[in-house]
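J.: Numbering-wise, the sequence shown is residues 1 to 140 according to the UniProt record's numbering.
One structure is given below, represented as structure tokens, and several questions about it will come after.
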Amino acid sequence: MTIDVRSISPEESVRRAAQLMDELNVGALPVCDGPKLVGMITDRDITVRSTAAGQAPESTRVGDVMSTDVRTCYSTQAVDEVLGQMGDVQIRRVPVVDQASHTLVGIVSLGDFATRHAGPTDEALEEISLPSEADRSRAH
Numbered sequence: 001m002t003i004d005v006r007s008i009s010p011e012e013s014v015r016r017a018a019q020l021m022d023e024l025n026v027g028a029l030p031v032c033d034g035p036k037l038v039g040m041i042t043d044r045d046i047t048v049r050s051t052a053a054g055q056a057p058e059s060t061r062v063g064d065v066m067s068t069d070v071r072t073c074y075s076t077q078a079v080d081e082v083l084g085q086m087g088d089v090q091i092r093r094v095p096v097v098d099q100a101s102h103t104l105v106g107i108v109s110l111g112d113f114a115t116r117h118a119g120p121t122d123e124a125l126e127e128i129s130l131p132s133e134a135d136r137s138r139a140h
């Protein structure tokens, strides 16, 4: 997992989230209220939930378009279990949180697994890559 993860506040603007994604060359950012994970915002959230809806990026808050139903894992979980979860819900990255405090401690991506666990990763990638329903609703 990556342990030095940058996050963004739900009070920040969507424009700032996009700028930070560009600076870090990532497609998703954990959203934290202090140390506690409260959501995730992706480039797709910005595009579909904000830009396509005609919202102004300077005045739209991250908290207004982020996904709040975030799947997380713990650093102690088995690789196969986390990969299975990623495949089940078609996600490519999972925030790693402390089990007791729910604070963000890292993030693990499908790419992280691909370099170490080819067999289970191939199966998860196949599940993740299946077409899914369009998400035009707000996450909360």
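Idealized CB from N, CA, C, for every residue including glycine.
Just reading off the alpha helix (DSSP H) that A114 is part of, what are its end residues?
T.: L110 to A114
J.: For S7, which residues from the same chain have a beta carbon less than 7 angstroms from its beta carbon, with the 5 sequence-adjacent residues on both sides left out?
T.: L29, P30, V31, C32 and L104
J.: In the DSSP assignment, what are the bridge partners of I107?
T.: T2 and P95
J.: Mind checking who S67 pairs with in its DSSP beta bridge?
T.: M40
J.: Can you give the Cα-Cα distance for V108 and M66, rounded to whole angstroms?
T.: Rounded to the nearest angstrom, the two C-alpha atoms are 19 angstroms apart.
J.: Cα-Cα, which of G111, S59 and E11 is closest to G39?
T.: Ranking G111, S59 and E11 by Cα distance to G39 puts E11 first.
J.: Under 8 angstroms: do the region 14-25 and the region 54-70 share three or more Cβ pairs, one atom per stretch?
T.: yes
J.: Please report how far the alpha carbon of S75 lies from the alpha carbon of G87, in whole angstroms.
T.: 18 angstroms
J.: Is it the case that the Cβ atoms of P35 and T72 are separated by a distance below 8 angstroms?
T.: no
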